[in-house]
Amino acid sequence: MSVLPGLVTFMDRGAGSPAAASANGGFGDRDVVVTFARVAGWFGGLLLAACGLLVAGRRLAGAFAMLPGPWEFAILLGGGAAVLAMTSQACRIGTARAGFILACCGFAATLLAVGLPADRGSWMAAPTPLVACAAAAAALLAPACSGPATLLRRPRPTPPAPAERRVRRPRSRRSPPPGRLSQRQQRYVLSSGAECIRGRIQLEVPAGARTVHGHLGFCPAFGTMPEVKVETPYDGVEATVTAAEIVPWGVRIECRLAEPAEEPIMIPVLVRATART
33 MSVLPGLVTF MDRGAGSPAA ASANGGFGDR DVVVTFARVA GWFGGLLLAA
83 CGLLVAGRRL AGAFAMLPGP WEFAILLGGG AAVLAMTSQA CRIGTARAGF
133 ILACCGFAAT LLAVGLPADR GSWMAAPTPL VACAAAAAAL LAPACSGPAT
183 LLRRPRPTPP APAERRVRRP RSRRSPPPGR LSQRQQRYVL SSGAECIRGR
233 IQLEVPAGAR TVHGHLGFCP AFGTMPEVKV ETPYDGVEAT VTAAEIVPWG
283 VRIECRLAEP AEEPIMIPVL VRATART
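Numbering (the working numbering), first residue to last: 33 to 309.
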């Protein structure tokens, strides 16, 4: 009678979790307990109903002329009550209420067939008939007094929490740059295995000047003399940019205007340095 509560307690401790059910191929311990309880409920109900029919038939055929002794009746009452209690618990878990009703009717029929004497005058002579009537009445009232069936459903698996999205601060809340950007570079490794540096440098041409130089360093330095290409996307004035001097650790860039600058001008220069293979 304590097997089913123990199984339910074990199941509630986590053995019937969605993870365990998925690990067992979608058939968890919770399903095992419900199936076992349903089978046990129907088994107990059919067992007591069959016993009731058999004993009642024997009584109508003329058997059981004498009342059973106190010990025999106590054993019958205790055993039947134990089976009835197990059936009640199983039916509450496995939702087999019809099995519990059959068990109550069969248990009441067994008690009345065995406990009531054939001679009506001797009904009050022994406590067995009174106990049999009281127990039979309690068994018949048990289905009406019992609570609703307890459904043990498998909990739905909780979907995994979505990955935390990177929250980008609004542009107005971003920290402003500390000053004017003068140069920037990035280092890559090409599919061929050669190293490549792409950079951008700002050359400031003062007013009245035609030529300006800038330097872009390579750190770490190339192992050999790199191949450097420079160009400018600026089209405000006619300007020519060249790599005046190239060394493994940097490049000197020269910018020459067609005419002297009337005012200070910022000339952006794009640099691409690739290691020779």
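Note that beta-carbon positions come from the ideal geometry of N, C-alpha and C, so glycine has one too.
query                                                                                                                                                            : result
Is the region 260–273 touching the region 290–302, taking contact as three or more C-beta pairs under 8 Å?                                                       : yes
In the structure shown, what three-state DSSP assignment does Glu270 receive?                                                                                    : coil
In terms of residues, what are the limits of the beta strand (DSSP E) holding Arg216?                                                                            : Gln215 to Val221
Mind pulling the beta strand (DSSP E) runs of 3 or more residues that sit fully within the region 231–269?                                                       : 243–249 and 259–263
Going straight from the alpha carbon of Gly89 to that of Trp74, what length do you get?                                                                          : 22 Å
By alpha-carbon positions, which one of Cys228, Ala72 and Ala130 ends up nearest to Thr309?                                                                      : Cys228
For Pro238, tell me which candidate among Leu78, Gly112 and Glu294 has the shortest Cα-Cα distance.                                                              : Glu294
Of the choices Leu235, Thr274, Val269 and Trp281, whose alpha-carbon is the least far from that of Gly255?                                                       : Trp281
Only counting the same chain, and skipping five residues up and downstream in sequence, which positions put a Cβ closer than 7 Å to that of Arg284?              : His245, His247, Ala276 and Glu277
According to DSSP, is Gly282 part of a helix, a strand, or is it coil?                                                                                           : strand
Here's a check: name, in chain order, each residue in its chain whose Cβ is nearer than 7 Å to the Cβ of Thr313, leaving out the five neighbours to either side. : Only positions 33 to 309 of the chain appear in this structure, which leaves residue 313 out of reach.
Answer with buried or exposed for Asn56, where buried requires no fewer than 16 other C-beta atoms within 10 angstroms of its C-beta.                            : With a pLDDT of 43 at Asn56, under the threshold of 50, the predicted position of this residue should be treated as unreliable, and no value is reported.
Please classify Thr309: does DSSP put it in a helix, a strand, or coil?                                                                                          : coil
For a quick check, are the C-beta atoms of Thr119 and Phe105 less than 8 Å apart?                                                                                : no
Just mark Ala145 as buried or exposed, buried being the case when its beta carbon has 16 or more other beta carbons within 10 Å.                                 : buried
At the level of alpha carbons, what is the spacing between Arg70 and Ile107?                                                                                     : 26 Å
Could you check what DSSP says for Ala275 in three-state terms: helix, strand or coil?                                                                           : strand
Using the beta-carbon count (16 or more within 10 Å), is Cys83 buried or exposed?                                                                                : buried
Could you pull out every residue in the same chain whose Cβ sits closer than 8 Å to the Cβ of Ser224, ignoring the five residues on either side in sequence?     : Thr309
What did DSSP end up calling Glu104 once you bin it into helix, strand or coil?                                                                                  : helix
By Cβ distance, which residues of its chain are closer than 6 Å to Phe139, with the 5 residues on each side in sequence left out?                                : Leu80, Gly112, Leu116 and Ala171
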